[in-house]
DNA sequence: TATTAGCACTCATTTATCTTTAGTGCTAAC
DNA sequence: GTTAGCACTAAAGATAAATGAGTGCTAATA
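This is the structure:
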C-alpha cells in the first residue's frame, strides 16, 4: 500500500502530538487539533491502515496510537518542516564561538553545553587529535630552587606540562642544556613513537641529570593522553525530565550508559557520511541500552581535532528542532574552519 | 534526662538498621537483631524516652522510629566504632597517589572518583590556587608559518597556553624578541595585577607585532581562569540508588544542585577547623536544598592549591565507613605533602 | 522497682471490586 | 468514500475491606 497524502498528514499529526504529550494519540484528538474536515471514524480507518503498514503501534486496544521507529523514520526522511531558530537562539549559539581562537576541545564543550541547554536533550561529543601529531619542542625550565617544569609542545599547538621536584638546584643554563639535548633527541618525532625503549636508548645522553626518568615518565604519560579519545557529556540530567524516565531505575541505567565512555564511543562512532547530519532512531541504534533513545549526530573536524557530536533524547524527540539546531551549529563551525584556512593561505 | 548506656545502645541499633534499610525500625526488630535480653516492651519504653529527648522521630503512629538529626549527631560525636578498611580498599586508594608528581587538581579528581566509587556516595571538591600567584615567565613560540603559541607560566608551575593565528610569519628570532619584551614587562607580576589598563600601558612597546592584542586577550583570560575556583563532582548518579530519591523529580532537583557550582561552593565553604574532618548532618546544612543530605568534608592544601573535599549522601549515611575512608585519604594526602616538603629542604 | 505479657488501637499498605474513561473496530446508513 | 452509532476493551481511578507492622498503656510478674 502506498502512503497517500492523507495518511502522511495523519502520521505527522500523531507524531506531532506524541512528541508533545508522550501519550498515545486518539482519532478524536487528531480530528480536533489537526484535521477537522474528516470525522474521527475516517481517521480511525486510516490509522488502522497505518498500523498495518508498520508506521504506528498501539500499546493496547482502547489506547490511541504511537509512532513506531519506522513511522519516525519516514517522518524524518520525508522532509519534516524545519524549525526556524529565533534571533535569540542564534545569538546564544554564536556565543560559543566568540573566542574563536580557543582550543578545539573547549569550543566543543561550549557547543555541547549550549546545545543541551537549548534543546533540553543531552549533548555528547567525542574528540580525538589527529594521529600523526609530532613533538614540536620539549622544554625544561627552573621554577624555583627545587622544582623544574617540563613541557611538551606538539605541532598542533598543544601543550602538556608537569612539575618535577629535583634533588639539587638546576639553574637556567643547565636547564637550557638539558632542553637542547631533549630536542635533539625527540623533536620532530611522532607522539606515538615515544616508547619506553626509545627513551631508554636516549637515556645515556643525560648523565648527570638525575630527574631524567621523571621527565621520561612525563613524556610517556603525555603521549598517551594526547592519543586518548576525549569525551564530553553535557546535560545528562535533562533525561530525568522526560516521562519516559519517570522510573528512577530506568533513569539510573540510561544515565550510567550516557556517562560511560565506552558505550558513548560506540554510540557516536558510526557516521556513515562524513560531515552530514545523521538521525538514529530507537532500535536503529547500535547499542541495546539506547533503544529507547534517538540521536542526532554529526562528525566534525576542527583545528587538528576530529570526532562526532550528538544530541541524545527520547525516541519522541523534537526532531525538527534538534536537527535545525545541530545544522546551525554545524554551519557556524564550518565558517570557523574556512576562516582559519583562509588565514593560513 | 541522661543518655543511659542502654539508651545509647538502642539508639545505635536503630541508626544501624535504618542506615541499612531506610525503613523505620520497630522494637521487635531491635530485640531480634541487637538486644535479645530485653523484651520489645522495654525497648519500646526506652524508645519513647529517646523520642521525647529528641533523638528519634516517628513518621506516624504505628510506624517504627527513625533517627533525628540530633540522634545522628550524638551517634557520630560519641565515638562511633570505626570502619576498618580492607587491604583491597587501601590499595585502591593508594592508586590515586601513584603518580605523586601529578598536578594537584588531577590528584583531587582522582581522589574524588575513588571516594565516590568506594562509598557509593557523591564526591565533591573545590580547588583554588593560592591568591598571590605570580607570572614566572611568558613565551611566544612559532608553531608553523601562520601560527604562534603563547604561553604563560606561573610560579606554582602552572601553564596556560593558546594558539594564535598571525598575518605574517613570525620566526624564532622575532618570537624571542617578543618574548623578552613580554617578560620584561610582566614577569614577576601577580596574576591579579593583569588588568586591561596595565596591558594597554605596555602595548606601545610591541609596535610592529600585530597580534599583541590577541596575546593580551589570552593573558587576561588565563589570569581570570587561574583565579577562578574549580569544582569537581564525581558519582552524582549514585544518588539515584537511594530510596530517598526514588521520586524522579526529587532526584532531579538534588542532582541539579549537586552539579551547580554556586551551591556546591556554599556547601563546601564552612570548614570550621582547618584540616579536620567535619560532619554536617541534615538541617545543619547551610543550604536548604541539602537538608536531606549529610556531608563528610575536610579542607586540604596541596601543591599551591587549596579547597575542600566532601562526600554527599542521604542523611542515613554510613558515617562510620565514609569518615574512615575520608580519614585514610587525608592521611595519604598529608604524607605526600610532607614528602614534598622534605625534598624541598 | 524494673520488666514484661497482653491487648486495644492506629495507620499505611495491600487486595479486591466496581466505575469511569478514552479509546477502539465494525456495521449500516448516508 | 464517509460517517454516525454502538458494542466492546483495557487502563486508570475510586472505594472499601483486609492485613500487618507497629505503637502505648495497663496490670501482672520477678
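Residue numbers (my numbering), protein chains in the order written: chain F, 26 to 370; chain Z, 26 to 370. A virtual CB, placed ideally from N, CA and C, is assigned to each residue, including glycine.
query, result
"Using a Cβ-Cβ cut-off of 8 Å, state whether residue 240(Z) counts as contacting chain F.", "no"
"Let me check understanding here. Comparing Cα to Cα, which of 329(F), 311(F) and 358(F) lies closest to residue 323(F)?", "358(F)"
"Step through the CB atoms of chain F and report whether any lies within less than 8 Å of the CB of residue 48(Z).", "no"
"Any beta carbon of chain Z sitting closer than 8 Å to that of residue 118(F)?", "no"
"Is it true that the CB of residue 43(F) sits closer than 8 Å to the CB of residue 92(F)?", "yes"
"So, are the CB atoms of residue 292(Z) and residue 311(Z) less than 8 Å apart?", "yes"
"Would you call the stretch 209-223 of chain Z in contact with the stretch 242-252 of chain Z, where contact means no fewer than 3 C-beta pairs closer than 8 Å?", "yes"
"Just verifying my parser: in three-state terms, what is the DSSP assignment at residue 176(Z)?", "strand"
"Sorted by chain position, which residues of the same chain lie with C-beta nearer than 7 Å to residue 237(F)'s C-beta, five sequence neighbours on each side aside?", "228 and 231"
"What are the partner residues of residue 238(F), as DSSP defines its beta bridges?", "None, per the DSSP bridge assignment."
"For residue 166(Z), which three-state DSSP category applies?", "strand"
"Taking 8 Å as the CB-CB limit, is residue 219(Z) close to chain F?", "no"
"Do residue 254(Z) and residue 185(Z) count as a contact pair if the criterion is CB distance below 8 Å?", "no"
"Where residue 304(Z) and residue 319(Z) are concerned, what is the direct C-alpha to C-alpha distance, given to the nearest angstrom?", "7 Å"
"Mapping the DSSP letters down to three states, classify residue 342(Z) as helix, strand or coil.", "coil"
"In whole angstroms, give me the CA-to-CA distance for residue 332(F) and residue 345(F).", "23 Å"
"What is the residue span of the beta strand (DSSP E) that residue 273(Z) lies within?", "From DSSP, residue 273(Z) is part of no beta strand (DSSP E) but of the alpha helix (DSSP H) over 273-283."
"Along chain Z, in chain order, which residues have C-beta atoms closer than 7 Å to that of residue 38(F)?", "Chain Z residues near residue 38(F): none, gap ~29 Å exceeds 7 Å."
"Check whether the Cβ atoms of residue 50(Z) and residue 90(Z) lie closer than 8 Å to each other.", "yes"
"Against chain Z, does residue 161(F) count as a neighbour if the rule is that its beta carbon must be under 8 Å from one of theirs?", "yes"
"Does DSSP classify residue 321(Z) as helix, strand or coil?", "strand"
"Among the candidates 210(Z), 286(Z), 75(Z) and 65(Z), whose CA atom is the shortest distance from the CA of residue 33(Z)?", "75(Z)"
"Please confirm if residue 369(Z) has its CB atom under 8 Å from at least one CB of chain F.", "Unreliable positioning characterises residue 369(Z) in this predicted model, as indicated by a pLDDT of 45, which lies under 50. The coordinate reading is nonetheless provided below. So yes, residue 369(Z) belongs to the interface."
"Buried or exposed for residue 175(F), going by 16 or more other Cβ atoms inside 10 Å?", "buried"
"Nearest-angstrom Cα distance between residue 315(Z) and residue 335(Z)?", "13 Å"
"Throw me the rounded Cβ distance for the residue 276(F) and residue 273(Z) pair, which I believe falls under 8 Å.", "6 Å"
"If you reduce the DSSP assignment to three classes, tell me which class residue 84(Z) lands in.", "coil"
"Would you kindly work out how many angstroms separate the C-alpha atoms of residue 256(Z) and residue 148(Z), rounded to a whole number?", "11 Å"
"Is residue 53(F) helix, strand or coil by DSSP?", "helix"
"Determine the extent of the beta strand (DSSP E) in which residue 187(F) is found, giving its start and end residues.", "184-190"
"Roughly how many angstroms lie between the CA atoms of residue 136(Z) and residue 241(Z), to the nearest whole one?", "35 Å"
"Could you check what DSSP says for residue 76(Z) in three-state terms: helix, strand or coil?", "helix"
"Across which residues does DSSP place residue 159(Z) in a beta bridge pair?", "215(Z)"
"Within the continuous alpha helix (DSSP H) that includes residue 225(Z), where are the two ends?", "221-228"
"Helix, strand or coil for residue 354(Z) per DSSP?", "helix"
"Taking DSSP as the reference, what is the three-state secondary structure of residue 47(F)?", "coil"
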